[in-house]
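Student: Starting off with a structure, shown below.
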């Protein structure tokens with residue numbers, strides 16, 4: 012898993028900007044196939060683990076908050092007998108989610124998707140972030 016994560020980071024940080032659209036698509040789909048295999052193994056492990064399932068049932072959770080990109084949330088929620096709520100964040104800089112879904116994201120502290128900024132920003136980057144979000148507002 013660590014090797015896959017390093018490969019994905021290397022691709023997204025160093026390679027993808029230098030690939031053609033076709034090369035990018037092929038590489039990305041290869042990475043997503045591996046990611047899906049890991050996700051299915053993880054789900055299989057959760058569902059077959061008596062210890063984990065017992066802890067989840069004893070936790071008496073009110074709902075399951077899940078990202079729809081990962082498989083199995085529906086099955087786990089069904090087994091636990093609780094509602095499922097999806098949290099989908101897909102727009103650049105999470106603009107749609109912040110405006111439509113009221114996602115809390117202070118503009119100078121939470122880097123948006125595709126901004127290439129991290130949670131460790133210097134002053135100039137924390138000033139740049141709201142400007143990027145402002146520019147994205149006109150792009151949508």
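Numbering (our numbering), first residue to last: 12 to 151. Backbone N, C-alpha and C fix where the C-beta goes; we use that ideal spot for every residue, glycine too.
Go ahead and pull the three-state DSSP assignment for residue 42.
Tutor: Along the chain shown, one-based indexing puts residue 42 at 31. Residue 42: helix per DSSP, three-state reduction.
Student: According to DSSP, which residues form a beta bridge with residue 75?
Tutor: If you number the chain shown from 1, residue 75 lands on position 64. Residue 75 is bridged to 95.
Student: Across the stretch 32-39 and the stretch 53-61, are there enough close Cβ pairs to call them in contact, namely three or more that are closer than 8 Å?
Tutor: No, the stretch 32-39 does not touch the stretch 53-61.
Student: Is it buried or exposed for residue 143, if we count other Cβ within 10 angstroms and need 16 for buried?
Tutor: Within the chain shown, residue 143 is the residue found at index 132, counting from 1. That one is buried.
Student: Would you kindly work out how many angstroms separate the C-alpha atoms of residue 83 and residue 89, rounded to a whole number?
Tutor: Here residue 83 refers to the residue found at position 72 when the chain shown is read from its first residue. Here residue 89 refers to the residue found at position 78 when the chain shown is read from its first residue. Going from the Cα of residue 83 to the Cα of residue 89 covers about 10 Å.
Student: Could you give the DSSP three-state label for residue 81: helix, strand or coil?
Tutor: One-based indexing of the chain shown puts residue 81 at position 70. Looking at residue 81 - three-state DSSP - the assignment turns out to be coil, as it is neither helix nor strand.
Student: Would you mind stating whether residue 95 and residue 78 have Cβ atoms separated by less than 9 Å?
Tutor: Sequence index remark: in the chain shown, residue 95 carries index 84 (1-based). Sequence index remark: in the chain shown, residue 78 carries index 67 (1-based). Not closer than 9 Å, so no.
Student: So with Cβ pairs under 9 Å, would you call residue 77 a contact of chain C?
Tutor: Structure shown: chain C not included; a single protein chain is present.
Student: To the nearest angstrom, how far is the alpha carbon of residue 48 from that of residue 13?
Tutor: Along the chain shown, read from residue 1 onward, the residue named residue 48 stands at position 37. Along the chain shown, read from residue 1 onward, the residue named residue 13 stands at position 2. Computed Cα separation, rounded: 14 Å.
Student: Just confirm the distance between the C-beta atoms of residue 87 and residue 76, as a whole number of angstroms; I'd bet it's less than 8 Å.
Tutor: What you label residue 87 is simply residue 76 of the chain shown in a count that begins at 1. What you label residue 76 is simply residue 65 of the chain shown in a count that begins at 1. Not confirmed; about 11 Å, so no contact.
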